[in-house]
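Protein sequence lines correspond, in order, to chains A and B.
Once you know that position 66 of the first sequence is 48 in this note's numbering, the rest is easy, because the numbers rise by one and skip nothing.
Once you know that position 1 of the second sequence is -17 in this note's numbering, the rest is easy, because the numbers rise by one and skip nothing.
By construction, the Cβ of each residue, glycine as well, lies at the ideal position given by its N, Cα and C atoms.
The structure under discussion appears below in the form of structure tokens.
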Amino acid sequence: AQKVTQAQTEISVVEKEDVTLDCVYETRDTTYYLFWYKQPPSGELVFLIRRNSFDEQNEISGRYSWNFQKSTSSFNFTITASQVVDSAVYFCALRDATNKLIFGTGTLLAVQP
Amino acid sequence: NAGVTQTPKFRVLKTGQSMTLLCAQDMNHEYMYWYRQDPGMGLRLIHYSVGEGTTAKGEVPDGYNVSRLKKQNFLLGLESAAPSQTSVYFCASSYPGQSSYEQYFGPGTRLTVT
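Following this line, the structure appears as structure tokens:
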């Protein structure tokens, strides 16, 4: 069965702290894709990154970085020097061979000034 | 480009009433999806379509019907609304058959059934 687990329901940090959001997935497919989406308080879903199962290179985009490890079935997301504007719900998702997205339950990140 | 748009943005229904949610995209995407978002449960797939004239059931299809008469539009219908269908509904679209492509989401429709 395909499954995405985001064990952290809520995280609260103070501005400028680093924070890591965890994502663990389960799949039997050998080819799959992983995604992160951001949902700010305004409610829309914003695409952040995708990663395919054959590319385990870490990626950095500004203050954001992602660590993909197939050995532990994890795709963790780190925000460096967090800012108030990073406050949002963050979703990890798995896209399987049938092209459907399976979402985790999300992590609510609150960055306090 | 407007991307993915949803109509209406908010709606309040009484139990037993019917309504249709409209999703439109101007990106020429083949695939379209309807999700519902409930607190603590993430997004769950209701129905999806891989092309004009085709639809398929997702994870939570009961109580909903869909139609894809035109490539750019994907309609979600509730024939007899129930309080359990109170939720935020998101439509999404993506390029055809390429699972690497991300889904583009609409702004959502907040539906309350009393």
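Top-ranked residue by Cα proximity to residue i, from the options
| i | options | result |
| --- | --- | --- |
| proline 95 of chain A | A/Ile84, A/Ser69, A/Ala79, A/Arg77 | A/Ser69 |
| isoleucine 84 of chain A | B/Asp8, B/Met23, B/Gln7, B/Pro(-10) | B/Met23 |
| arginine 77 of chain A | A/Gly88, A/Gly44, A/Thr54, A/Ser35 | A/Ser35 |
| phenylalanine 56 of chain B | B/Pro65, B/Met1, B/Tyr13, B/Lys(-4) | B/Tyr13 |
| glutamine -12 of chain B | B/Tyr83, B/Glu84, B/Leu(-5), B/Ser75 | B/Ser75 |
| alanine -17 of chain A | B/Glu61, B/Tyr86, B/Glu41, B/Tyr77 | B/Glu41 |
| phenylalanine -8 of chain B | A/Trp18, A/Gly25, A/Ala92 | A/Gly25 |
| arginine 18 of chain B | B/Ser49, B/Ala(-16), B/Pro43 | B/Pro43 |
| asparagine -17 of chain B | B/Gln7, B/Leu51, B/Lys(-4) | B/Gln7 |
| lysine -4 of chain B | B/Tyr15, B/Lys52, B/Glu61 | B/Glu61 |
Proximity test, Cβ basis, 8 Å: residue i and chain A
| i | result |
| --- | --- |
| glycine 33 of chain B | no |
| glutamine 100 of chain B | No answer is possible for residue 100 of chain B: the residues shown for chain B start at -17 and end at 96. |
| glutamine 67 of chain B | no |
| proline 43 of chain B | no |
| glycine -15 of chain B | no |
| glutamine 85 of chain B | yes |
| proline 89 of chain B | yes |
| tyrosine 30 of chain B | yes |
| tyrosine 71 of chain B | no |
| methionine 23 of chain B | yes |
Chain B contact for residue i (CB, 8 Å cutoff)
| i | result |
| --- | --- |
| arginine 45 of chain A | no |
| arginine 10 of chain A | no |
| leucine 83 of chain A | yes |
| threonine 54 of chain A | no |
| leucine 27 of chain A | yes |
| threonine 89 of chain A | no |
| phenylalanine 17 of chain A | yes |
| valine 57 of chain A | Note that residue 57 of chain A corresponds to phenylalanine in the displayed sequence, not to valine. No, phenylalanine 57 of chain A lies away from the interface with chain B (no Cβ there is under 8 Å from its Cβ). |
| phenylalanine 73 of chain A | yes |
Supposed close pair residue i, residue j - CB separation, criterion 8 Å
| i | j | result |
| --- | --- | --- |
| asparagine 40 of chain A | aspartate 4 of chain A | Between aspartate 4 of chain A and asparagine 40 of chain A the Cβ distance is about 15 Å, and since that is not below 8 Å, they are no contact. |
| phenylalanine 73 of chain A | glutamate 84 of chain B | About 12 Å; that fails the 8 Å criterion. |
Those residues which DSSP pairs with residue i across a bridge
| i | result |
| --- | --- |
| lysine -15 of chain A | A/Glu8 |
| arginine 45 of chain A | The partner list for arginine 45 of chain A (beta bridge, DSSP) is empty, contrary to what the question assumes. |
| aspartate 20 of chain B | B/Gly24 |
| asparagine 55 of chain B | B/Ala6 |
| tyrosine 77 of chain B | In the DSSP output, where bridge partners are listed per residue, tyrosine 77 of chain B has none listed. |
| lysine 39 of chain B | B/His29 |
| alanine 92 of chain A | A/Ser(-6) |
| tyrosine 71 of chain B | B/Arg18, B/Thr91 |
| tyrosine 19 of chain A | A/Phe29, A/Phe73 |
Residue span of the beta strand (DSSP E) that contains residue i, given as start and end
| i | result |
| --- | --- |
| histidine 11 of chain B | Run containing histidine 11 of chain B: none; DSSP gives neither H nor E here. |
| threonine 54 of chain A | Here threonine 54 of chain A belongs to no beta strand (DSSP E), and DSSP marks it neither H nor E. |
| arginine 77 of chain A | 70 to 77 |
| asparagine 47 of chain B | 47 to 49 |
| valine 95 of chain B | 91 to 95 |
| valine 1 of chain A | 1 to 3 |
| leucine 30 of chain A | 28 to 34 |
| threonine -11 of chain B | -14 to -11 |
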